[in-house]
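Per my numbering, residue 1 is the first one in the sequence shown, and the count goes up by one each step. Some notes on the structure that comes next.
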Amino acid sequence: MIYVVKPGDTLYILAQRFRTTINLFLMFNPEITNPALIFPGQILNLPPTGHSFRLCPVLRQGDRGPAVSRIQFLLRQQGLYTGAIDGIYGPLTQRALVAWQQSVKEINVTGIVDEETWVSLGFECNERPEIVQYIVRPGSNLFSIAIWFGITVESILQVNPQITNPNLVYAGQIINIPASQ
């Protein structure tokens, strides 16, 4: 769902009105670079409520949000996506997705991310328990891990008090991953 910002709105007011957090608003609206600056007429993606969130949502060109960032990240790992991981499903994301779908014989080439496409990229679409353990892979950082699991870096840090420097995780390190938000 989307929301058109009205005069007097702030992210704090909107987070209260829609019973969510400012961090979730920022996660679903990566184009916001300054949380203190939104303007009337701006279109925001509303974070989903608990019952509407899906780990593997259907995505198509024009969609925005963390699931799009996740698909961009997965396509980048395959060497097909070279753009910014910005959460905006534009033409570059579409081309990379079609290239992936063409390379996998078992799926249809639609340009739409469905559960079959998610799974073909190695993503697990089933709900996870509250906290699972994850072994950090070579070249990973907390940002890429957060995108992979559809969560925020902050939520990873909350369940990993042993991580004192969020810019320093190493291959083989075991960290806790909270359930998706």
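Beta carbons are placed, not taken as given, at the ideal position from N, Cα and C, and that holds for glycine. Since the model is a prediction, treat every value here as computed from it, not as a measurement.
CA-to-CA, the gap between residue 134 and residue 122 works out to about 15 angstroms. Sequence-distant partners of residue 131 (beyond 5 residues in either direction) whose C-beta falls short of 8 angstroms from its own C-beta, in its chain, are 159, 176, 177, 178, 179.
Under DSSP, residue 178 takes part in a beta bridge, and its partners are 131. C-alpha of residue 58 to C-alpha of residue 3: approximately 20 angstroms in a straight line. Boundaries of the alpha helix (DSSP H) around residue 23: 22 to 28. For residue 85, the closest of 137, 164, 64 by C-alpha to C-alpha distance is 64. Proximity of the segment 22 to 30 to the segment 104 to 117 falls short of the contact definition, fewer than three beta-carbon pairs being nearer than 8 angstroms.
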